[in-house]
Amino acid sequence: MDPELIARILGTLTVVVGIAVCLGYGLWRFLALALSAARAAFRADPPGGTDRRIVPYTGPEPARPAYWAGQMWRDAGFAGRAAALTVRYLLTRHWLGEVVRRRLLRGRNGRTGRLAKSGLGRLLLRLLAPGTALAAVLSALLASVLLAGVALFFAGQLVLVALGALAAVAGMRTAERLWKLALGIRMKCPYPGRYRSFPLGARAVVRAR
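Each position in the sequence shown, counted from 1, maps to that position plus 341 in the numbering used here.
Laid out in structure tokens, this is it:
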């Protein structure tokens, strides 16, 4: 037989298998596991306990900073990192390492790992190995692009939340200052635990008289 014809047939088979496996299974598997890992990054670890991802606040203010002020950006970073690591693991360890190299190229079933009983079956599995490897690479690339789009959309939402929170804080502070100005309140109690506002001492004395 013509070697060039055989090469063309094998190349076509590789491309067809790669695209079919990618669009029919691989891409959705990559996306499902990556998004699942990203969602798990937002859960407390352990539930109800101390989470090592939360940076302790050591500043002078007794109240902790709001979630949108910093922790939500760290959680988003953890989620993105978890998704990226999942895609890399699936590509290098599972698909290329386990399915292609240790199973298909050795004549074993890609899912179960069982050795094909006949020589023809082992040959067919070996012929599917390049297409499966191509499917893994295409799935990883497409999943990475889609996940990057999701990450950018989510980052935009975080920016809007942060801007909205800042605007709300600025509005409430302005309203509080205007309200104090209208009531003549200029001071606050300096003692810890007694932060109730009161008028100026001189005015309080005049009123008492």
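Built from N, CA and C at the ideal position, the CB exists for glycine as well.
- For a cut-off of 8 angstroms, the C-beta gap from Thr-473 to Val-362 is around 6 angstroms, short enough to register as a contact.
- Spanning the alpha carbons of Gly-359 and Leu-468 requires a straight line of approximately 12 angstroms.
- Here Gly-462 is near Gly-448, since their CB atoms are less than 9 angstroms apart.
- In this structure Phe-371 is buried. Its beta-carbon is surrounded by 16 or more other beta-carbon atoms within 10 angstroms.
- Between the C-alpha atoms of Arg-443 and Leu-437 there is a straight-line separation of about 9 angstroms.
- Across the structure, Ser-459 and Tyr-366 are spaced so that their CA atoms are roughly 27 angstroms apart.
- Taking all protein chains in view, the Cβ of Leu-466 is crowded by 16 or more other Cβ atoms within 10 Å, so the residue is classified as buried.
- Within the segment 360-385, the complete alpha helix (DSSP H) segments at least 4 residues long are 368-381, listed from N- to C-terminus.
- The three-state reading of DSSP puts Arg-455 in coil, since its state is none of H, G, I, E or B.
- Between Thr-355 and Pro-471 the beta-carbon gap is near 4 angstroms, inside 8 angstroms, which marks them as a contact.
- For Arg-405, the secondary structure class from DSSP, reduced to helix, strand or coil, is coil.
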